[in-house]
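Protein chains in written order, with this note's numbering: chain A, 1475 to 1614; chain B, 1475 to 1614.
Protein chains: 2
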Amino acid sequence: MEELPSWVLSQVSAQGHRIIVEKFGSVGARGYHYRLLRSLVTDGPASQAALGRRTGIYLSDLVGALNELESEGYVRRSPDPADRRRNVVGLTDRGRARAEELSERAHAVQEELLAPLSGPEREQFTGLLRRLLEHHRSGG
Amino acid sequence: MEELPSWVLSQVSAQGHRIIVEKFGSVGARGYHYRLLRSLVTDGPASQAALGRRTGIYLSDLVGALNELESEGYVRRSPDPADRRRNVVGLTDRGRARAEELSERAHAVQEELLAPLSGPEREQFTGLLRRLLEHHRSGG
DNA sequence: CGCCTAACGTTAGACTCTCTAACGTTAGGA
DNA sequence: TCCTAACGTTAGAGAGTCTAACGTTAGGCG
C-alpha cells in the first residue's frame, strides 16, 4: 500500500493557510476578501448568491465578509431593480485598488509556498492542483 | 503575471479537509487523532513535547487531543521516572487497532481526493507535496 | 549549594474557514 | 391564488492553527 499523502496534503495546506493568514493579515485582510474581490474583478458584479457559487463561499459567510469589505468602501451593495430579493455587489475604485494590492500579497504567498520547486515543477504542481479543484468542484 | 495558484491550493486543501472531517468524523475521530496515533505507531512512545514536534501539533492542542484518545483507551499517559516533568505517551492494544482503522479511513480519503489523477500523476503530486512539507517544516 | 533559565504540561482565548439550521422576504410556476 | 424555490441574513457549531500565561521540574552556572 502506498504511503498516505492525505495528511501530507493537510499539513502543506496548513502551511499555505498559515502564510495566507500572515501575509493577508498584515494588511488587515483575509482569504475570503481576496477571493471575493478577485471574482468581482474577473467576472464582474453579481448577486450575493451568484458570488457564493463563483467563489465557493457559503452565503452565510458571505454576509460577514461583504460587510467588512463594504464598511471599508471596497464594495457596494445595491438593490437589483429587476429582482428585489437580490443585492447586486459591485467594486468601487478603492476596491479595485485593494484587489490589486491583495493580488500582490497572493503572489508573495505563492512565492513563499512554492519556493522549493523549480519552474517546471511549479507548472506540474499547479496543473495537478487545478485538475483536482475542477473535479471536486463539479462532481462534489 | 502568472495565475495565482495559492488560492487554488487553499481550495483543494479545503476539499481535503472536508473529506477528512467527513471520513474521520463518521467514526468519531478527527485529523489530530490520526496524526498522533500514526506517529506513535511508526516512531514509538514519546513525551508530549516530542510528540508535538513530530506531528506539528501545538502542545496546547495536544493536551485536548490526548485527553480524547486517553478517555477512549487508545493511549496511555505514564509519568517519566527519569524526568518528572514528562508524560510518556504510549499506545494501548486498542490504540493500535484504532490506528489501523483510521489508516484505512485515510486511504479512503486519499482515494477520493486523488480520484481524477492517474497513478503516475499521483506519484508526481505526492512527491511534490512531500518536498513542500519537508521544506516548510525545517525552514519554517 | 542556590539561582536562573529553559523545558514541560496545562488552561484559556483568539482567529480563519467550513458547514448547518432557521427565519422573513420576494419571484415565479402550477 | 398558492406553493415552492431562491435570496439575504442571523446564529451557532466544529476543526485546525496560534499566542499568552501559569506552576512545576531539570539542568547549568556562578
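Beta carbons: idealized from backbone N, C-alpha and C, even for Gly.
None of these values were measured; they are calculated from a predicted model.
Which whole-angstrom value is the C-beta distance of residue i and residue j, which I expect to be below 8 angstroms?
i: B:Arg-1604; j: A:Val-1482; result: 6 angstroms
i: B:Ile-1531; j: B:Arg-1512; result: Contact doesn't hold; Cβ gap of about 12 angstroms is too wide.
i: B:Val-1562; j: B:Pro-1519; result: 5 angstroms
i: A:Leu-1566; j: A:Val-1583; result: Per the sequence shown, residue 1566 of chain A should be read as Thr rather than Leu. With 8 angstroms as the limit, A:Thr-1566 and A:Val-1583 do not qualify as a contact, their Cβ atoms being about 24 angstroms apart.
i: A:His-1491; j: A:Glu-1542; result: About 19 angstroms separates the two Cβ atoms, so there is no contact after all.
i: B:Arg-1579; j: B:Val-1495; result: Their Cβ separation, rounded to whole angstroms, is 11 angstroms, which puts B:Arg-1579 and B:Val-1495 out of contact at 8 angstroms.
i: B:Ser-1577; j: B:Gly-1564; result: Actually they do not touch by this definition, with Cβ atoms about 18 angstroms apart.
i: A:Ile-1493; j: A:Leu-1587; result: 6 angstroms
With burial defined as no fewer than 16 other Cβ atoms inside 10 Å of the residue's Cβ, what is the status of residue i: buried or exposed?
i: B:Thr-1600; result: buried
i: A:Ser-1592; result: exposed
i: A:Ser-1484; result: buried
i: A:Gly-1614; result: Bear in mind that the predicted position of A:Gly-1614 carries a pLDDT of just 49, short of 50, making it too unreliable to give a figure here.
i: B:Gln-1516; result: Rather than Gln, the amino acid found at residue 1516 of chain B in this sequence is Thr. The residue in question, B:Thr-1516, is exposed, as its Cβ has fewer than 16 Cβ neighbours within 10 Å.
i: A:Arg-1568; result: exposed
i: A:Leu-1540; result: buried
i: A:Arg-1611; result: exposed
i: B:Gln-1489; result: buried
i: A:Leu-1514; result: buried
i: B:Ala-1589; result: exposed
i: A:Leu-1533; result: exposed
i: B:Glu-1597; result: exposed
i: A:Met-1475; result: In this prediction, A:Met-1475 scores a pLDDT of 42, lower than 50, which makes its location untrustworthy; the coordinate-derived value is nonetheless stated afterwards. Label assigned to A:Met-1475: exposed.
i: B:Ala-1523; result: exposed
i: B:Ala-1573; result: buried
i: B:Ala-1503; result: buried
i: B:Pro-1594; result: exposed
i: A:Gly-1526; result: buried
i: A:Gly-1547; result: exposed
i: A:Gly-1538; result: exposed
Under DSSP, the alpha helix (DSSP H) around residue i begins and ends at which residues?
i: A:Leu-1576; result: 1567-1587
Give the residues of chain A in contact with residue i, contact being defined as C-beta atoms less than 8 angstroms apart.
i: B:Tyr-1589; result: Sequence inspection shows Ala at residue 1589 of chain B; the Tyr mentioned does not correspond to that position. Residues of chain A passing the Cβ test: His-1609.
i: B:His-1491; result: Ser-1484, Ser-1487
Under DSSP, the beta strand (DSSP E) around residue i begins and ends at which residues?
i: B:Ser-1552; result: 1549-1553
Could you tell me which chain A residues have their CB closer than 7 angstroms to the CB of residue i, listed as they occur along the chain?
i: B:Ser-1500; result: Within chain A, no residue comes near B:Ser-1500; the closest Cβ sits about 15 angstroms away, beyond 7 angstroms.
i: B:Glu-1595; result: Leu-1602
i: B:Ser-1509; result: Checking the sequence, you will find Arg at residue 1509 of chain B rather than Ser. In chain order: Trp-1481.
i: B:Gly-1530; result: Gln-1485
Just the chain A side, please: which residues come within less than 9 angstroms of residue i by C-beta, in chain order?
i: B:Ser-1513; result: Under the 9 angstroms cutoff, chain A gives no residues; its nearest Cβ is about 10 angstroms from B:Ser-1513.
i: B:Arg-1605; result: Pro-1590, Leu-1591, Glu-1595
i: B:Gly-1538; result: Neighbours of B:Gly-1538 on chain A: none; closest Cβ ~17 angstroms, over 9 angstroms.
So which residues of chain B does residue i contact, with C-beta pairs closer than 8 angstroms?
i: A:Gly-1505; result: Trp-1481, Ser-1484
Taking residue i as the query, report the chain B residues whose CB atoms sit under 7 angstroms from its CB, ordered along the chain.
i: A:Gln-1522; result: Residues of chain B passing the Cβ test: none, with the nearest at roughly 19 angstroms.
3 or more residues per run - each beta strand (DSSP E) lying fully within the stretch 1475-1539 of chain B
You should have found no qualifying run.
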